[in-house]
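S.K.: Sequential numbering of the sequence shown, starting at 0, is according to numbering that gives the first Met the number 0.
The beta carbon of each residue, even a glycine, is placed where N, CA and C say it ideally should be.
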Amino acid sequence: MGNLSENFNHKDFICRCPECRGAYRIHLGLVGILEEIAIHFKKRPRIISGFYCEAYLEKLKREKKSYHAMGKAANIVIDGVTAAEVFKFAETLEGVNGLGYYPEENMVHVDTRPPEKKEIWVREKGKYLPLNQEKRHQYGL
Ligand SMILES: [Zn+2]
0 MGNLSENFNH
10 KDFICRCPEC
20 RGAYRIHLGL
30 VGILEEIAIH
40 FKKRPRIISG
50 FYCEAYLEKL
60 KREKKSYHAM
70 GKAANIVIDG
80 VTAAEVFKFA
90 ETLEGVNGLG
100 YYPEENMVHV
110 DTRPPEKKEI
120 WVREKGKYLP
130 LNQEKRHQYG
140 L
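1. Here's the rule I'm using: 16 or more other beta-carbon atoms within 10 Å means buried, otherwise exposed. How should residue 111 be labelled?
2. Is there at least one non-hydrogen atom of ligand 1 closer than 7 angstroms to the beta-carbon of residue 66?
3. Measuring CB to CB, does residue 105 end up less than 8 angstroms from residue 68?
4. By Cβ distance below 6 angstroms, which residues in the same chain neighbour residue 18 in space, the five residues on each side in sequence not counted?
5. If you scan the region 12 to 68 from start to end, which runs of the beta strand (DSSP E) of 3 or more residues do you find wholly inside it?
6. Pull the bridge partners of residue 9 from the DSSP assignment, please.
7. Would you kindly report the start and end of the unbroken beta strand (DSSP E) that includes residue 134?
Okay, structure coming up:
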């Protein structure tokens, strides 16, 4: 049992950069969603990245607002489960309003941004593209 929920500990969400030595912010709605995913697949998602501190954001040179910096986003991998399966299930969950499919890393981004800011994308060779019907067909999503 983690210190946040059944499967998660605050350490799972810490910033991975060398500058801040483990700063973190966690939106509990996000933890609830990750628990729903864990229950569905009967397996705990591994959090590849959770919170991004300011120094790390600066380094990434993100122009767009990052929900990672608000503790509302996580990039996850479930060992033995394809990112497509994780993506398709995450898409059915209420509260998941940012969803990214990263086929090259077998990884999915989930975030709890407000519904009016809803966005679904795919990352290909470092580029973020809207997940349109053609892309859904290509990836079987
Ligand atoms: Zn940091």
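M.R.: This is what the structure gives:
1. Translated into the one-based positions of the sequence shown, residue 111 becomes position 112. Per the 10 Å Cβ criterion, buried.
2. Position 67 of the sequence shown, counting from 1, holds the residue named residue 66. Residue 66: no, Cβ never under 7 angstroms from ligand 1.
3. Walking along the sequence shown from the start, residue 105 turns up at place 106. Walking along the sequence shown from the start, residue 68 turns up at place 69. Contact: no.
4. Working through the sequence shown from its first residue, we reach residue 18 at position 19. Closer than 6 angstroms at Cβ, skipping near neighbours: 54.
5. 45 to 48
6. In the sequence shown, residue 9 corresponds to position 10, counting from 1. None; residue 9 has no bridge partner.
7. The sequence position of residue 134 within the sequence shown is 135, counting from 1. Run containing residue 134: none in the beta strand (DSSP E); it sits in the alpha helix (DSSP H), 132 to 138.
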